[in-house]
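The block underneath contains the structure these notes are about, expressed in structure tokens.
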């Protein structure tokens, strides 16, 4: 593993903020076991029901009931950490343990930039975001559907998105889950890119399987999950929880339901293919009781995030959650307050895979260019934060402490000279000018500064080198598949 | 203690985020003792030097050297917690232990609002901020110089500010430190307001004694400190640290210097009057190596905040730090990212007294009306966060979990009905509308919304009742002092 790669993905050696006591964790575990055993989870897929039954779960119609022993047995088969490979080996990421991976926003049908406002997103937006994610040293993963390319045919746009990730970035990426066939296409593409052997050893895809909460998995997700698990590609099982509408309004209840749903999916994954890489996901927001709308950045979801991370660790599973969520429609103060209300707990809870780490606006409906840039700078700060505090002799700087007289100045000391390059995080976008200088430079707010940065970055972008043979292998498959899809 | 008061000031029962190991704490303590013993601290006040010498410190010229035993002996005399009384007893606050107190920004010479932009602040601004702080349920303290009333004479404006705190609010407040005479005036005013006996038992003032870092206390601060400590009023000893210019550029060194300075001031306070209430303060920012300007919200100051809080707890002292700092000139996304970069660590480190908790802009040069409103909403979220997670039976909501079918909805359940009023924090200002509704309502950003809220709040303001006799006693003193100051 090269130095560069080490520098890229942070490893969190800091203490974790543990909000729950061990007794509290045990209580949530026991309540979860009761829900799994007596309440059950619906699996809307005959093949899944067959697999679950064969492996010892109790099946009645589409309802599946799990005893605590089955949960324990199959959860134990899932790896505690795994590596997702990237086409640039230096960009491969560890998922789980002390490793942290930041990935862009996923799923918005709209894009926003200062000049054009909010509009239906296109493949051009998609490519732009792949490029911006590639260029940021604080984004370790190219993500999946960063924005929907609405100008492309629905049935084949997954192919265009995958090609975009492969051509415009060399970071790892996610597979399609919109149909089992799209999942199979994703697997075939990484097989051609990495080779069949390589993707058996380590997954080249990490894909998002959402639970259709409360307590059900739909057929598309279950079939996509099976495609990935059979090919030993990684999946994230994420209950889609809005406490108060899709789960109990109280946190203990919402966490219990989330845990039951996540464990049911994880256990099913291990029944499909024992040892297949799987991530415990949490996407837990609250509901505005006035409008019924989801609320991001609430104090309750902060608490839930700490607790969810602890619960995932209790089962020794890699954990996905967090990001820079906001309900705001603009990259205004609200958007940043809310983003941090999730992002700092994300850091202190040691979330392993952070989807939606940059660019999220409007409850996930919009990918914001300027927000992306600002969020990335914050991710850089978080990455510096993980370094914690060094208590070596040099860091105490006793030579400087004794050299500088009372009322004196440290700027010129040898100690400052030795350390100034690395002491502080260097912002890419925050404005530290004093009022006069800021006034002279045009009184720009952070959105204007970020808008300028977007243009500079896209203008400076150069593709990472890609082996022509591999590129051809991927492109010829995509061409064939597009032809088949047009014919059908 | 009434329910209302309990509801007002939060008590943090959550785990604290402890960043340093015990070994790390011990290392910083040892380095601090070396600085105090061999490096020394300058006290620019002959009377202070006399007191320090009498009490066993080694004095050479204006330099004072402290052995570890003297530090230990006098730090132990300081109370671990104390109560600062307010003229409404329900608003009295505990300082220290699990108690948390939020106070407004302190010191800016400018005010900002959306209509008028940034301008020299006036007594009208001062009164407005006292009123806004009074009206917020999440501000527990009226603060001190919220903004400078630049339209009033310098030599008597401390009297106008104190009167403003007393008349327009019933929350506790801070005393003047701009001269020993102004400190004495502050004490006389609270003596008239509360009675001589009451302020001997519990302080009615909490005042800000800054260290003129590195390693020196100036004469004004030392004389003001003595006035307060002799009258048994509380002081906060705060080293003014910009790591890289006023302290070593590395955190271990900056924390060591801060600790030496804070302990020297605390020990001196206890020599002046053993048992006098005193708070360990930290105001530790970093420096932008490009411009030399202070940087707020850096990852390094987050780390330092956690460590500083631990160090204060090591000495069993109440701790002041944190707030909603920003270097931004506007209430834009940057201002909110940076505010949260300090405010969340402030919460998780259990800072006891949070000065600058609302309204801070432009590295403390400006008090922002809209920022104040938005910050207060975030303080409300933090206050809700302190409640943590309740793992009682009702909170698990097993009735609802079993009642709602897979794919069903929790909104109509009995459990939701029983809990919806208290389950979630109710925002005062964040916009949770969907895009269409937000568009229909005029596409307002958070600054516009906050600006409207400022006007509504100030229009709705009513003074808390104040005993006429006490008011007269304060006003007659102020009138006399103003006459004396005019004559001089």
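Residue numbers (this note's numbering), protein chains in the order written: chain A, 3 to 490; chain B, 3 to 490. Here a beta-carbon is modelled for each residue, glycine too, at the ideal position from N, C-alpha and C.
Looking at chain A, is there any beta carbon in it that lies within less than 8 Å of the beta carbon of residue 374 of chain B?
no
Here's a check: name, in chain order, each residue in its chain whose Cβ is nearer than 7 Å to the Cβ of residue 305 of chain B, leaving out the five neighbours to either side.
The beta carbon of residue 305 of chain B lies closer than 7 Å to those of 21 and 253 in the same chain, with the five residues before and after it left out.
Which residues, taken in chain order from the segment 333-367 of chain A, show a beta carbon closer than 9 Å to some beta carbon of chain B?
333, 334, 335, 336, 337, 338, 339, 340, 341, 342, 343, 345, 346, 347, 350, 364, 365 and 367
Enumerate in chain order the residues of its own chain whose CB-to-CB distance from residue 336 of chain A is below 7 Å, with the five nearest sequence positions on each side excluded.
For residue 336 of chain A, where only same-chain residues beyond five positions count, the Cβ hits under 7 Å are 328 and 330.
Could you pull out every residue in the same chain whose Cβ sits closer than 6 Å to the Cβ of residue 378 of chain A, ignoring the five residues on either side in sequence?
138, 140 and 360
Find the nearest neighbour of residue 31 of chain B within the set B:224, B:245 and B:312, judged by alpha-carbon distance.
B:312
Between the Cα of residue 420 of chain B and those of A:177, A:251 and A:88, spot the shortest distance and give me the residue it belongs to.
A:251
Residue 480 of chain A lies in the alpha helix (DSSP H); which residues open and close that run?
470-489
Going by other Cβ atoms of all chains shown within 10 Å of its Cβ, with 16 needed for buried, is residue 156 of chain A buried or exposed?
exposed
Can you say whether residue 478 of chain A is buried or exposed, counting buried as having 16 or more other CB atoms within 10 angstroms of its CB?
Label assigned to residue 478 of chain A: exposed.
Should residue 95 of chain B and residue 143 of chain B be called a contact, given that it needs their Cβ atoms to be closer than 8 Å?
yes
Go to residue 211 of chain A, then tell me how far its alpha helix (DSSP H) extends in each direction, as first and last residue.
Counting along the chain, residue 211 of chain A falls outside any alpha helix (DSSP H), though it belongs to the beta strand (DSSP E) covering 208-213.
Taking all protein chains shown into account, decide if residue 58 of chain A is buried (16 or more other Cβ within 10 angstroms of its Cβ) or exposed.
exposed
Identify the residues that DSSP records as bridge partners of residue 249 of chain B: which are they?
B:245
Taking any Cβ of chain A, which residues in the segment 288-320 of chain B have a Cβ under 7 Å from it, in chain order?
Flagged, chain order: 288, 290, 291, 293, 295, 297, 300, 301, 302, 304, 305 and 309.
Residues that DSSP places opposite residue 86 of chain A in a beta bridge:
A:95
Whose C-beta lies closer than 6 Å to the C-beta of residue 85 of chain B among residues of the same chain, with five residues either side of it excluded?
94, 96 and 204
Counting along the chain, where does the alpha helix (DSSP H) carrying residue 170 of chain B start and finish?
159-170
Nearest-angstrom Cα separation, counted from residue 33 of chain B out to residue 26 of chain B
11 Å
Stretch pair the segment 127-136 of chain B + the segment 401-409 of chain B: three plus CB contacts closer than 8 Å:
no
Identity of the residue in A:298, A:60, A:74 and A:15 nearest residue 268 of chain A by Cα
A:74
Can you tell me whether residue 202 of chain A is buried or exposed? The criterion is at least 16 other CB atoms within 10 Å of its CB, across all chains shown.
By the 10 Å Cβ count, residue 202 of chain A comes out exposed.
How would you list, in chain order, the residues of chain B whose beta-carbon sits under 8 Å from the beta-carbon of residue 329 of chain A?
432, 433 and 434
Test: residue 259 of chain A CB closer than 8 Å to a CB of chain B:
Contact of residue 259 of chain A with chain B is assigned, a C-beta pair being separated by under 8 Å.
Would you mind stating whether residue 412 of chain A and residue 41 of chain B have Cβ atoms separated by less than 8 Å?
With contacts defined as CB atoms closer than 8 Å, residue 412 of chain A and residue 41 of chain B fail to qualify as a contacting pair.
Let's test the definition: count the other Cβ atoms within 10 Å of the Cβ of residue 279 of chain B and tell me whether it reaches 16, buried, or not, exposed.
buried
Listing by chain order, which chain B residues have their CB less than 9 Å from the CB of residue 469 of chain A?
For residue 469 of chain A, there are no neighbours in chain B by C-beta distance under 9 Å, as the nearest C-beta there is about 38 Å away.
I'd like to know if residue 111 of chain B contacts chain A, where contact means its C-beta is closer than 8 Å to some C-beta of that chain.
no
Give, in chain order, every unbroken run of the alpha helix (DSSP H) that is at least 4 residues long and sits entirely within the segment 356-421 of chain A.
Correct list: 371-387, 395-398 and 400-405.
Can you check whether the CB of residue 427 of chain A is closer than 8 Å to the CB of residue 290 of chain B?
No, they are not a contact pair.
Any beta carbon from chain B within less than 8 Å of residue 391 of chain A's own beta carbon?
yes
Sequence-distant residues of its chain with Cβ nearer than 7 Å to residue 79 of chain A (five each side left out):
272, 276 and 277
Per-residue burial, residue 461 of chain A [other beta carbons within 10 Å of its own, 16 or more giving buried]
Exposed.
Can you tell me whether residue 222 of chain A is buried or exposed, with buried defined as 16 or more other CB within 10 angstroms of its CB?
buried
Quick one, are the C-beta atoms of residue 325 of chain B and residue 345 of chain B less than 8 Å apart?
yes
For my contact list, residue 375 of chain A and residue 161 of chain A are in at a C-beta cut-off of 8 Å; report their separation, rounded to the angstrom.
Actually they are not in contact, since the Cβ atoms of residue 375 of chain A and residue 161 of chain A sit about 29 Å apart, beyond 8 Å.
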